[in-house]
Amino acid sequence: MKSKSNLLTCVLLSSALVACGGGGGDAIAPDTQSVVVAASEAAVAVGPSTGSVSAPFVRSASARYIIVYGLSSQTGGSLKNSAQDASGAMTTLNATSLSGGTVVKEISGNASYAQGRWEAGTVTDSNGSKIITGVDSTSYQYAAFNDLAARPTSGSAVCDSGSFTAPHRVAGGTPSSAKMAAGTGTASIAFNANSAVITGAITAAADGSTGSTAFNTSLESASSTSYTGLFLGGGTGAAVSLATDGATGYLVVLAYSVKLANGATYLGVANFRCQ
């Protein structure tokens with residue numbers, strides 16, 4: 000991820016001097032709107048990976064994925080190649096992989112979906128390799144999921160309170176702003192003959208400031224993704240998909256961006272289990 004200035008921050012990891020910066024996304028132009036790393040952020044410890052899965056992800060023939068990491072910087076689609084480590088963290092999603100001294104936060108999932116946030120390691124994609132250290136605002140957020148066998152044509156589903164990664168700051172705010180936010184939200188599904196109508200909202204909070212994005216969108220097929228608001232343009236919005244929860248219910252899968260009242264923009268992923 001490129002910075003707006005020539006300021007680079009370096010940290011010593013595992014007795015090796017690691018350079019920060021460089022790189023881009025998988026078939027996506029590199030983010031050019033990232034915030035400068037503040038000295039106060041550079042002192043934050045990365046810590047170990049967090050979270051777990053109830054079962055390893057089993058990729059189906061109709062599996063999909065999304066990775067988001069910067070303003071207008073995302074990749075996703077049909078998932079044909081994947082790998083998962085012993086902690087449950089996905090380390091390969093098609094042409095994008097995480098290796099080296101890896102730290103993955105907020106790991107969750109089961110045999111039908113997987114979610115997490117790459118915080119440290121070497122990210123490799125079609126544009127080359129990039130080291131992320133966890134001491135600035137850089138994260139790669141991912142979700143992998145299996146499509147429904149078929150979209151229902153009637154009925155409705157009420158969703159739980161959701162499972163969230165920690166949204167990371169990608170632009171705006173002040174240098175002292177928190178790198179990570181807390182995400183909350185709601186979702187519901189109504190099926191009809193033509194589509195699945197998914198409604199809800201996501202809120203992110205950090206440094207005493209909040210922001211939210213609401214969605215009310217229709218998915219015509221089991222393999223559809225709907226982009227709401229200005230998500231693809233670097234503004235507030237979401238990428239909304241529907242998946243199987245691996246049992247008798249459904250999974251609403253979201254990647255989203257939210258602008259807080261203090262001007263900071265945060266990016267994250269979430270899923271809601273619905274019955």
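Note that numbering that gives the first Met the number 0 has the sequence shown beginning at 0, numbered continuously upward.
All C-beta atoms, glycine included, are put in the ideal place defined by N, C-alpha and C.
Here the structure is a predicted model, which means the values were calculated and not measured.
- The three-state secondary structure of glycine 232, taken from DSSP, is helix.
- Here leucine 231 is exposed, its C-beta having fewer than 16 other C-beta atoms within 10 Å.
- Straight-line spacing of the CA atoms in glycine 115 and alanine 189 works out to 27 angstroms.
- In terms of Cβ geometry, alanine 119 and glycine 87 do not form a close pair [threshold 9 angstroms].
- Fewer than three beta-carbon pairs drawn from the stretch 145–155 and the stretch 98–107 are found closer than 8 angstroms, and the two stretches are therefore not classed as touching.
- Judged by beta-carbon spacing, asparagine 270 lies beyond the 9 angstroms limit of valine 257, meaning their Cβ atoms are not closer than that value.
- The alpha-carbon of leucine 92 is positioned some 16 angstroms away from that of serine 72.
- Taking C-beta atoms as the reference points, alanine 203 and tyrosine 265 count as a pair closer than 9 angstroms.
- Judged by beta-carbon spacing, serine 211 lies beyond the 9 angstroms limit of threonine 198, meaning their Cβ atoms are not closer than that value.
- Excluding sequence positions up to five before and after asparagine 261, its CB lies within less than 6 angstroms of the CB of Gly172, Ser208, all in the same chain and listed in chain order.
- Taking a 10 Å sphere around the C-beta of glutamine 83, we find 16 or more other C-beta atoms and assign the residue as buried.
- For phenylalanine 271, the enclosing beta strand (DSSP E) begins and ends at 264–273.
- By the beta-carbon neighbour count (other beta carbons within 10 angstroms, threshold 16), threonine 90 is buried.
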